[in-house]
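Peer 1:
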Amino acid sequence: MRTAVFRALADLGRRDARIVLITGDLGFMAVEPFIDACPGRFFNAGVAEQDMIGIATGLAESGFIPFCYSIAPFASLRPYEFIRNGPVQHGWPVRIIGVGGGFDYGHAGYSHHGIEDIAVMRALPGISIVAPSDPAQAVAALLATWDLPGPVYYRIGKDDRFVVPGLDGRFTLGGVDRLRAGHDCLLIATGTLVSEACTAAERLAATGIDAGVLALASIRPEPADALAGALAAVPLAVTVEAHQRNGGIGSLVAEVIAERAIPCRLIRRAATGVSDGRTGSADWLHRRHGLDAESVAAAVAEALA
Amino acid sequence: MGNQLSGDEVRALVLAEAFRAGVGHIGPALSVADIIAALYRRVLRVDRPDDPERDRFVLSKGHAALALFAAIHLRGWITREELATYCADGSRLGVHPEYGLPGVDLATGSLGQGLPVAVGMALAARLQRSSRRVVALLSDAECNEGSVWEAAMFAAHHRLDGLTVIVDLNGQQALAPTRDVLDLSPLAARWAAFGWDAVEIDGHDEAAIAGAIAAPRREGRPRAVIARTVSGKGVSFMEGQVAWHYLPMTAAQFAQATSDLRVAAAS
Numbered sequence: 004m005r006t007a008v009f010r011a012l013a014d015l016g017r018r019d020a021r022i023v024l025i026t027g028d029l030g031f032m033a034v035e036p037f038i039d040a041c042p043g044r045f046f047n048a049g050v051a052e053q054d055m056i057g058i059a060t061g062l063a064e065s066g067f068i069p070f071c072y073s074i075a076p077f078a079s080l081r082p083y084e085f086i087r088n089g090p091v092q093h094g095w096p097v098r099i100i101g102v103g104g105g106f107d108y109g110h111a112g113y114s115h116h117g118i119e120d121i122a123v124m125r126a127l128p129g130i131s132i133v134a135p136s137d138p139a140q141a142v143a144a145l146l147a148t149w150d151l152p153g154p155v156y157y158r159i160g161k162d163d164r165f166v167v168p169g170l171d172g173r174f175t176l177g178g179v180d181r182l183r184a185g186h187d188c189l190l191i192a193t194g195t196l197v198s199e200a201c202t203a204a205e206r207l208a209a210t211g212i213d214a215g216v217l218a219l220a221s222i223r224p225e226p227a228d229a230l231a232g233a234l235a236a237v238p239l240a241v242t243v244e245a246h247q248r249n250g251g252i253g254s255l256v257a258e259v260i261a262e263r264a265i266p267c268r269l270i271r272r273a274a275t276g277v278s279d280g281r282t283g284s285a286d287w288l289h290r291r292h293g294l295d296a297e298s299v300a301a302a303v304a305e306a307l308a
Numbered sequence: 359m360g361n362q363l364s365g366d367e368v369r370a371l372v373l374a375e376a377f378r379a380g381v382g383h384i385g386p387a388l389s390v391a392d393i394i395a396a397l398y399r400r401v402l403r404v405d406r407p408d409d410p411e412r413d414r415f416v417l418s419k420g421h422a423a424l425a426l427f428a429a430i431h432l433r434g435w436i437t438r439e440e441l442a443t444y445c446a447d448g449s450r451l452g453v454h455p456e457y458g459l460p461g462v463d464l465a466t467g468s469l470g471q472g473l474p475v476a477v478g479m480a481l482a483a484r485l486q487r488s489s490r491r492v493v494a495l496l497s498d499a500e501c502n503e504g505s506v507w508e509a510a511m512f513a514a515h516h517r518l519d520g521l522t523v524i525v526d527l528n529g530q531q532a533l534a535p536t537r538d539v540l541d542l543s544p545l546a547a548r549w550a551a552f553g554w555d556a557v558e559i560d561g562h563d564e565a566a567i568a569g570a571i572a573a574p575r576r577e578g579r580p581r582a583v584i585a586r587t588v589s590g591k592g593v594s595f596m597e598g599q600v601a602w603h604y605l606p607m608t609a610a611q612f613a614q615a616t617s618d619l620r621v622a623a624a625s
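These protein sequence lines are chains A and B, in that order. Using my numbering, count along the first sequence one by one with no gaps and you end on 308. Using my numbering, count along the second sequence one by one with no gaps and you end on 625.
1) Can you give the Cα-Cα distance for ILE132 of chain A and HIS246 of chain A, rounded to whole angstroms?
2) At a Cβ threshold of 8 Å, is TYR457 of chain B touching chain A?
3) Check the Cβ-Cβ distances between ALA499 of chain B and every residue of chain A, and say whether any is below 8 Å.
4) Are the C-beta of GLN471 of chain B and some C-beta of chain A separated by less than 8 Å?
5) Does DSSP put ASP366 of chain B in a helix, a strand or coil?
6) Taking only the alpha-carbon atoms, compute the straight-line gap between MET359 of chain B and LEU432 of chain B and give it to the nearest angstrom.
7) How would you write the range of the alpha helix (DSSP H) that SER617 of chain B sits in, first residue to last?
8) Here's the rule: buried if 16 or more other CB atoms are within 10 angstroms of the residue's CB, otherwise exposed. What is THR608 of chain B?
9) Could you tell me the distance, in whole angstroms, from the CA atom of ILE571 of chain B to the CA atom of THR175 of chain A?
10) Measuring only the C-alpha atoms, how far is THR26 of chain A from ARG484 of chain B?
11) Give a single yes or no on whether ILE132 of chain A has its beta carbon closer than 7 Å to a heavy atom of the ligand SAM.
12) With a cut-off of 8 Å, do at least 3 Cβ pairs link the segment 463 to 471 of chain B to the segment 415 to 433 of chain B?
13) Would you verify that the beta carbon of LEU62 of chain A is, or is not, closer than 8 Å to some beta carbon of chain C?
14) Could you pull out every residue in the same chain whose Cβ sits closer than 6 Å to the Cβ of GLU258 of chain A, ignoring the five residues on either side in sequence?
15) I need the straight-line Cα distance from GLY16 of chain A to ALA601 of chain B, nearest angstrom please.
16) According to DSSP, is HIS516 of chain B helix, strand or coil?
17) Go ahead and pull the three-state DSSP assignment for GLY360 of chain B.
18) Is the shortest distance between the beta-carbon of GLY30 of chain A and the beta-carbons of chain B less than 8 Å?
19) What does the alpha-carbon distance come out to for the pair VAL142 of chain A and THR202 of chain A?
20) Can you check which of these residues, A:PRO238, A:ARG248, A:ALA200 and A:ILE260, is closest to PRO226 of chain A by C-alpha distance?
21) Please go through the same chain and pick out, in chain order, the residues whose beta-carbon is closer than 6 Å to the beta-carbon of LEU605 of chain B, but skip the five residues on each side of it.
22) Rounded to whole angstroms, what's the CA-CA distance from ASN249 of chain A to PRO455 of chain B? Just pull it up for me.
23) Could you spell out where the beta strand (DSSP E) holding PRO69 of chain A opens and where it closes?
24) Taking only three categories from DSSP, how would you classify LEU239 of chain A?
25) Do you know offhand how far LEU127 of chain A's Cα is from THR148 of chain A's?
26) Between the Cα of GLY461 of chain B and the Cα atoms of B:ALA615, B:PRO574 and B:LEU424, which residue gives the shortest distance?
27) What do you get for LEU533 of chain B, buried or exposed, if any count of 16 or more other CB atoms within 10 angstroms of its CB means buried?
28) I'd like the span of the beta strand (DSSP E) that includes LEU521 of chain B, first residue to last.
29) Can you grab the Cα-Cα spacing for the pair GLU262 of chain A / ALA446 of chain B, in whole Å?
30) If ARG256 of chain A and LEU239 of chain A are in contact, beta carbons under 8 Å, what's the gap, nearest whole angstrom?
31) Check this for me: beta carbons of ALA494 of chain B and GLY520 of chain B, under 8 Å apart or not?
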């Protein structure tokens, strides 16, 4: 998604001189289109994420729309208090792009995995949270949110080629994007795991289980009404996320179910616990945490058996 | 004492409101009173606190907020009645500056947060080809925070000469003298080593403070003004005493403190 996002940001930057890009010394072979389009509005803060967010806060106070860029944990966890006390507290339009949300950085290891970012951002009121599933949706999400008045966190994937069939560049701010209808259960996924959910639904269909699929990209504004409507139509919902179990989209869906007293069972598929020191590709990590299509399909079949 | 904006008048208001509210952080507010008076009387170009082209001031050592509130009042941006709501329920005036009060450019309170934001404000002024300036006031112990040095590197690298840092070198931090916690000396040399045009001055000399900020910068570097101050300045029993970082005053101490100030102001 990186390449598509920075191409779109370059186009926005050409049209609007308020847009500035600050990187925490990351983005080789990604940020270049923006540098070419807006050479005076690109800054490398160095390996200094707290300062990156602080500088963006000062720029936003003075009328700019600064975008900050780093790998998801470095963009969200390291400078978290700066995000809280700066753009969130003051309501200033800082944008934070965390790349590689989930296990995208694979064998780079636990330090590089973005598996708490949704939870910590959800703990802060006033920041929009967007987690697209493929490049076209990432661009649509950017275009729908870049000039919102308050701060925005973008959780984007690392892969540039990956496409979710049927998503077709849709993004609904405050809503969900349906990929498949189904009345036996509903799979709700975010980020790169949306495609695993789609594959799981196909496998389930082959066994006679009719599973719907929703892509949940607008985490805030929360799509509570859209989720409630979809959840009310099924006896079972399964959330699928490359993220810790507490505070992510599984928690969001649980809150909607509980607060609206929807008679729908929920299974949260998520990262399972602390790293055990084993590393591997994103696909391997998804299997290890039971987030791949086969594991999800098996969990659904077991629940409905 | 009259109502003019001076270090003594700021100190008098700090003592009165800290005593009325029964809260501490008096020592750090007294040590920066002359700096804040100098900024608001001689340095900062602020016609209206909501003017986008005003100079910016970031009180990064947010625990000295009461001194800032006193100056904001003396500039006429808040009334004496509102100043008297310091630390009351529902007040806009707390122990640390909250956003939304006229004259507060950044809510602070978490040390190490202010300078990175001030750097962004200075970068914004440069990008907008504005001559507005940015001043950030840090405590000496705040220089324990790594984020201060991240921001120092960026500002020096980009030659942000519209930016001034003032470090309130009062030698005290919450639990002990700074030299016994993490020795900062030689502080001016450290800032210079990070690429700043660093000067050391008497932080109770208003003219020296204003002069250090106004003087042209060497090679376009940002300026670090290391301001030697006395914690609890002007109050005999508070000067240089670590305890007055936190303690509130008793009635007898308040009487003694105001008497000390009157004597100092008359001399």
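Where is the CB? At the ideal position from N, CA and C, for every residue including glycine.
Peer 2: In short, the structure shows the following:
1) As a position in the first sequence, residue 132 of chain A is number 129, starting the count at 1. As a position in the first sequence, residue 246 of chain A is number 243, starting the count at 1. Those two C-alpha atoms are separated by around 14 Å.
2) Taking the first residue of the second sequence as 1, we reach residue 457 of chain B at position 99. Yes, TYR457 of chain B lies at the interface with chain A (some Cβ there is under 8 Å from its Cβ).
3) Locating residue 499 of chain B in the second sequence gives position 141, counting from the first residue. So no, ALA499 of chain B is outside the interface.
4) Here residue 471 of chain B refers to the residue found at position 113 when the second sequence is read from its first residue. Yes, GLN471 of chain B lies at the interface with chain A (some Cβ there is under 8 Å from its Cβ).
5) In the second sequence, the residue the question calls residue 366 of chain B occupies position 8. Three-state result, ASP366 of chain B: helix.
6) Taking the first residue of the second sequence as position 1, residue 359 of chain B is located at position 1. Taking the first residue of the second sequence as position 1, residue 432 of chain B is located at position 74. For MET359 of chain B, the predicted structure reports a pLDDT of 38, less than 50, and the residue's modelled location is therefore unreliable. A value from the coordinates is still provided. Roughly 13 Å separates the two Cα atoms.
7) Along the second sequence, one-based indexing puts residue 617 of chain B at 259. Residues 609 to 624.
8) Residue 608 of chain B sits at position 250 when you count from the first residue of the second sequence. Exposed, by the Cβ-count rule.
9) Sequence index remark: in the second sequence, residue 571 of chain B carries index 213 (1-based). Sequence index remark: in the first sequence, residue 175 of chain A carries index 172 (1-based). Near 51 Å, if we compare the C-alpha coordinates of THR175 of chain A and ILE571 of chain B.
10) Here residue 26 of chain A corresponds to residue number 23 of the first sequence, with the count starting at 1. Here residue 484 of chain B corresponds to residue number 126 of the second sequence, with the count starting at 1. THR26 of chain A and ARG484 of chain B: Cα-Cα distance of roughly 19 Å.
11) For the structure depicted, the ligand SAM is absent and the ligand set is empty, with no information on it obtainable.
12) yes
13) This model lacks chain C altogether, as its protein chains are A and B.
14) Locating residue 258 of chain A in the first sequence gives position 255, counting from the first residue. Cβ neighbours of GLU258 of chain A beyond the five flanking positions: none.
15) Here residue 16 of chain A refers to the residue found at position 13 when the first sequence is read from its first residue. Here residue 601 of chain B refers to the residue found at position 243 when the second sequence is read from its first residue. Taking the straight line from one Cα to the other gives about 53 Å.
16) Here the question's residue 516 of chain B lines up with position 158 in the second sequence. Reduced to three states, the DSSP call for HIS516 of chain B is coil.
17) Taking the second sequence and counting its residues from 1, one reaches residue 360 of chain B at position 2. For GLY360 of chain B, the pLDDT reaches just 45, beneath the cut-off of 50, and the residue's location in the model is therefore unreliable, although a value from the coordinates is still provided. If DSSP states are grouped into helix, strand and coil, GLY360 of chain B belongs with coil.
18) For the purposes of this step, residue 30 of chain A is taken as residue 27 along the first sequence, with counting starting at 1. It does not: the Cβ of GLY30 of chain A has no partner Cβ on chain B nearer than 8 Å.
19) Position 139 of the first sequence, counting from 1, holds the residue named residue 142 of chain A. Position 199 of the first sequence, counting from 1, holds the residue named residue 202 of chain A. In a straight line, the C-alpha of VAL142 of chain A is about 24 Å away from that of THR202 of chain A.
20) Taking the first residue of the first sequence as position 1, residue 226 of chain A is located at position 223. The shortest Cα separation from PRO226 of chain A among A:PRO238, A:ARG248, A:ALA200 and A:ILE260 belongs to A:ILE260.
21) Taking the first residue of the second sequence as 1, we reach residue 605 of chain B at position 247. Cβ within range, chain order: GLY382.
22) Stepping through the first sequence from its first residue, residue 249 of chain A is reached at position 246. Stepping through the second sequence from its first residue, residue 455 of chain B is reached at position 97. Roughly 34 Å separates the two Cα atoms.
23) Locating residue 69 of chain A in the first sequence gives position 66, counting from the first residue. Residues 68 to 74.
24) Position 236 of the first sequence holds residue 239 of chain A. Residue state, collapsed to three classes: strand.
25) Position 124 of the first sequence, counted from the start, is the residue given in the question as residue 127 of chain A. Position 145 of the first sequence, counted from the start, is the residue given in the question as residue 148 of chain A. Each residue's alpha carbon lies about 18 Å from the other.
26) For the purposes of this step, residue 461 of chain B is taken as the residue at position 103 of the second sequence. When each option's Cα is compared against that of GLY461 of chain B, the closest is B:LEU424.
27) The residue given as residue 533 of chain B occupies position 175 in the second sequence. Looking at its Cβ environment, which holds fewer than 16 other Cβ atoms inside 10 Å, LEU533 of chain B is exposed.
28) Sequence index remark: in the second sequence, residue 521 of chain B carries index 163 (1-based). 521 to 527 is the span of the beta strand (DSSP E), which, as asked, contains LEU521 of chain B.
29) Here residue 262 of chain A is taken as the residue at index 259 of the first sequence, counted from 1. Here residue 446 of chain B is taken as the residue at index 88 of the second sequence, counted from 1. Their Cα atoms are separated by approximately 36 Å.
30) Walking along the first sequence from the start, residue 256 of chain A turns up at place 253. Walking along the first sequence from the start, residue 239 of chain A turns up at place 236. The question names Arg, yet the displayed sequence has Val at residue 256 of chain A. No, VAL256 of chain A and LEU239 of chain A are not in contact; Cβ-Cβ is about 12 Å, not under 8 Å.
31) Sequence index remark: in the second sequence, residue 494 of chain B carries index 136 (1-based). Sequence index remark: in the second sequence, residue 520 of chain B carries index 162 (1-based). No, these two residues do not count as a Cβ contact at 8 Å.
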